[in-house]
Amino acid sequence: MAYDTIEFSLRDGVATLVLNRPDRLNSFNEAMHQEVRQALTEVQAAVEAGDCRALLLTGNGRGFCAGQDLSDRNVAPGDEMPDLGYSIETYYNPLIRTLTALPVPVVCAVNGVAAGAGANIALACDIVLAARSASFTQAFAKIGLVPDSGGTWQLPRQVGLARAKGLAMLGDKLGAEQAEAWGLIWRVVDDEGLRDEAARLAAHLATQPTRGLALIKQALNESGTNDLDTQLDLERDLQRQAGRTADYREGVAAFMEKRSPKFSGQ
Numbered sequence: 026m027a028y029d030t031i032e033f034s035l036r037d038g039v040a041t042l043v044l045n046r047p048d049r050l051n052s053f054n055e056a057m058h059q060e061v062r063q064a065l066t067e068v069q070a071a072v073e074a075g076d077c078r079a080l081l082l083t084g085n086g087r088g089f090c091a092g093q094d095l096s097d098r099n100v101a102p103g104d105e106m107p108d109l110g111y112s113i114e115t116y117y118n119p120l121i122r123t124l125t126a127l128p129v130p131v132v133c134a135v136n137g138v139a140a141g142a143g144a145n146i147a148l149a150c151d152i153v154l155a156a157r158s159a160s161f162t163q164a165f166a167k168i169g170l171v172p173d174s175g176g177t178w179q180l181p182r183q184v185g186l187a188r189a190k191g192l193a194m195l196g197d198k199l200g201a202e203q204a205e206a207w208g209l210i211w212r213v214v215d216d217e218g219l220r221d222e223a224a225r226l227a228a229h230l231a232t233q234p235t236r237g238l239a240l241i242k243q244a245l246n247e248s249g250t251n252d253l254d255t256q257l258d259l260e261r262d263l264q265r266q267a268g269r270t271a272d273y274r275e276g277v278a279a280f281m282e283k284r285s286p287k288f289s290g291q
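Numbers in the numbering used here are just positions in the sequence shown, counted from 1, shifted up by 25.
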């Protein structure tokens, strides 16, 4: 499929999805929502076929994503107000659910401003790298809205309730280095090396035991709402699955034979 608002490729087990509306700081309009959904459908099919073992998400230009393109939301006096809940239910919630449930690692390279839904889409990914010049902004309060795209779920769990309230209610920019210090992202990278570093990380993850990584992702995602007993039972059940994979057998064999493992993703 030809894309206009994104770039998409699949090579050597890594799917790369690049938001490509740089003149609008990669903010979402309906066309980009539809193209991202189509690309993720291709990713899901490739994962099921064993052809995709990691996803890299980033943006072109000087911003990762400024959230919703507000030019699509401009309402003249007297016009009926838009149903923002419809937009969330139709576009943003399915996107967050797909990224969270995708059974391969999702790496996000934040190359500039990540604002509103753009910030929370990044936080829905598994490992987030950010350029040193990048920033994260919960811009919703500045226009009278509530953080969406999982923001009110992610922020308290990652930075604590006090910081989450400050970020959400003030809408201040959080620099990449502070985001790293607060545990909001994995690591800060110098601007000029971000894309290459993210590509190397995704390529590495694509050589690892894919099924085991998917089970790790599931366990960690469910831990936030499980009590200890439920989580212990989940670990038991997931470990049972992991122990029956070809990659586990290969990992043990490589350890015993003192060689590097060659994981198949199975």
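We put the CB at the ideal spot given by N, CA and C, even for glycine.
Just so we're clear, the structure is a prediction, and the values are computed from it rather than from any experiment.
Next on the checklist: Given this structure, state the Cα-to-Cα distance separating Ala-278 from Ala-71, to the nearest angstrom.
Outcome noted: Start at 1 with the first residue of the sequence shown, and residue 278 comes out as number 253. Start at 1 with the first residue of the sequence shown, and residue 71 comes out as number 46. If you take the alpha carbons of Ala-278 and Ala-71, they lie about 28 Å apart.
Next on the checklist: Using CA atoms only, rank isn't needed, just tell me which of Phe-53, Ala-166 and Val-138 is closest to Tyr-116.
Outcome noted: In the sequence shown, the residue the question calls residue 116 occupies position 91. Nearest option by C-alpha distance: Phe-53.
Item to check | Residue range of the unbroken beta strand (DSSP E) whose run includes Ser-112 | outcome: Taking the sequence shown and counting its residues from 1, the one referred to as residue 112 is at position 87. Annotation: Ser-112 is outside any beta strand (DSSP E); the continuous alpha helix (DSSP H) that includes it extends over 109 to 112.
Next on the checklist: Looking only at its chain, what residues have a beta carbon closer than 6 Å to the beta carbon of Ser-158, apart from the 5 residues adjacent to it on each side?
Outcome noted: On the sequence shown, residue 158 is found 133 positions in, with the first residue counted as 1. Hits under 6 Å: Asp-216.
Next on the checklist: What does the Cβ neighbour count give for Ala-74, buried or exposed, with the cut at 16 atoms within 10 Å?
Outcome noted: By one-based count along the sequence shown, residue 74 stands at place 49. The residue is exposed, with fewer than 16 neighbouring Cβ atoms inside 10 Å.
Checklist entry - By Cβ distance below 6 Å, which residues in the same chain neighbour Gly-185 in space, the five residues on each side in sequence not counted? => result Here residue 185 refers to the residue found at position 160 when the sequence shown is read from its first residue. Nothing listed; no residue qualifies.
Checklist entry - Are the stretch 29 to 47 and the stretch 247 to 262 in contact at 8 Å, needing three or more beta carbon pairs? => result no
Next on the checklist: Mapping the DSSP letters down to three states, classify Val-43 as helix, strand or coil.
Outcome noted: Position 18 of the sequence shown, counting from 1, holds the residue named residue 43. Strand at Val-43.
Item to check | Which of helix, strand or coil DSSP assigns to Thr-270 | outcome: In the sequence shown, counting from the first residue as 1, residue 270 sits at position 245. DSSP places Thr-270 in coil when its eight states are reduced to three.
Next on the checklist: Just to confirm, is the Cβ distance from Phe-165 to Ala-147 under 9 Å?
Outcome noted: Your numbering for residue 165 matches position 140 in the sequence shown. Your numbering for residue 147 matches position 122 in the sequence shown. No, these two residues do not count as a Cβ contact at 9 Å.
Item to check | Leu-81 - DSSP class collapsed to helix/strand/coil | outcome: Your numbering for residue 81 matches position 56 in the sequence shown. DSSP places Leu-81 within a strand segment (E or B) once states are collapsed to three.
Item to check | Contact belief for Leu-50 with Cys-133 at Cβ below 8 Å, rounded distance in angstroms | outcome: Taking the sequence shown and counting its residues from 1, one reaches residue 50 at position 25. Taking the sequence shown and counting its residues from 1, one reaches residue 133 at position 108. With a Cβ gap of about 16 Å, Leu-50 and Cys-133 do not count as contacting.
Next on the checklist: Gly-191 and Ala-139 - do their beta-carbons sit closer together than 9 Å?
Outcome noted: Along the sequence shown, one-based indexing puts residue 139 at 114. Along the sequence shown, one-based indexing puts residue 191 at 166. No; because the gap between Cβ atoms is not below 9 Å, this pair is not in contact.
Checklist entry - Is it buried or exposed for Ala-227, if we count other Cβ within 10 angstroms and need 16 for buried? => result Here residue 227 refers to the residue found at position 202 when the sequence shown is read from its first residue. Counting Cβ neighbours within 10 Å, Ala-227 comes out buried, since at least 16 surround it.
Checklist entry - Between the C-alpha atoms of Gly-290 and Arg-274, what's the straight-line distance to the nearest angstrom? => result Within the sequence shown, the letter at position 265 stands for residue 290. Within the sequence shown, the letter at position 249 stands for residue 274. Roughly 12 Å separates the two Cα atoms.
Checklist entry - Which word fits Thr-270, buried or exposed, when buried means at least 16 other C-beta atoms lie within 10 angstroms of its C-beta? => result Along the sequence shown, one-based indexing puts residue 270 at 245. When all chains shown are included, Thr-270 counts as buried.
Checklist entry - With 16 other CB atoms within 10 Å as the buried threshold, where does Ala-149 fall? => result As a position in the sequence shown, residue 149 is number 124, starting the count at 1. The residue in question, Ala-149, is buried, as its Cβ has 16 or more Cβ neighbours within 10 Å.
Item to check | C-alpha gap between Ala-199 and Leu-180, whole angstroms | outcome: The residue you call residue 199 lines up with position 174 of the sequence shown. The residue you call residue 180 lines up with position 155 of the sequence shown. Looking at the sequence itself, residue 199 is Leu, so the reference to Ala does not match. Computed Cα separation, rounded: 12 Å.
Item to check | Span of the alpha helix (DSSP H), counted from its first residue to its last, around Val-68 | outcome: Taking the first residue of the sequence shown as position 1, residue 68 is located at position 43. Where Val-68 is concerned, the enclosing alpha helix (DSSP H) stretches over 55 to 74.
Checklist entry - Is the Cβ-Cβ distance between Leu-154 and Val-135 less than 9 Å? => result On the sequence shown, position 129 is the one that residue 154 refers to. On the sequence shown, position 110 is the one that residue 135 refers to. Closer than 9 Å, so yes.
Item to check | Start and end residues, beta strand (DSSP E) containing Gly-88 | outcome: Position 63 of the sequence shown, counted from the start, is the residue given in the question as residue 88. That run of the beta strand (DSSP E) goes 88 to 90.
Checklist entry - To the nearest whole angstrom, what separates the beta carbons of Arg-182 and Trp-207, a pair I think is in contact under 8 Å? => result Along the sequence shown, read from residue 1 onward, the residue named residue 182 stands at position 157. Along the sequence shown, read from residue 1 onward, the residue named residue 207 stands at position 182. Contact annotation, Arg-182 with Trp-207: C-beta distance approximately 12 Å; criterion of less than 8 Å not satisfied.
Checklist entry - Tell me which same chain residues have a C-beta within less than 7 Å of the C-beta of Asp-94, skipping the five on either side of it? => result If you number the sequence shown from 1, residue 94 lands on position 69. Taken in chain order, the residues that qualify are Arg-49, Ser-52, Phe-53 and Asn-54.
Checklist entry - Is Phe-53 near the ligand FMN, in the sense that its beta carbon is under 8 Å from a heavy atom of that ligand? => result Within the structure as shown, the ligand FMN is missing, as the structure has no ligands at all.
Checklist entry - What residue range is occupied by the uninterrupted alpha helix (DSSP H) comprising Thr-123? => result Stepping through the sequence shown from its first residue, residue 123 is reached at position 98. 118 to 126 is the extent of the alpha helix (DSSP H) around Thr-123.
Checklist entry - In its own chain, which residues sit with a C-beta less than 6 Å from the C-beta of Ala-193, not counting the 5 before and 5 after it? => result As a working note, residue 193 is residue 168 in the sequence shown. These residues qualify, in order along the chain: Gln-163 and Pro-172.
Checklist entry - Can you name, in chain order, every residue of its own chain whose Cβ lies under 6 Å from the Cβ of Ala-231, other than the five neighbours on each side? => result In the sequence shown, the residue the question calls residue 231 occupies position 206. Excluding residues up to 5 positions away in sequence, Gly-38, Val-39, Arg-78 and Ala-79 lie with their Cβ nearer than 6 Å to the Cβ of Ala-231 in the same chain.
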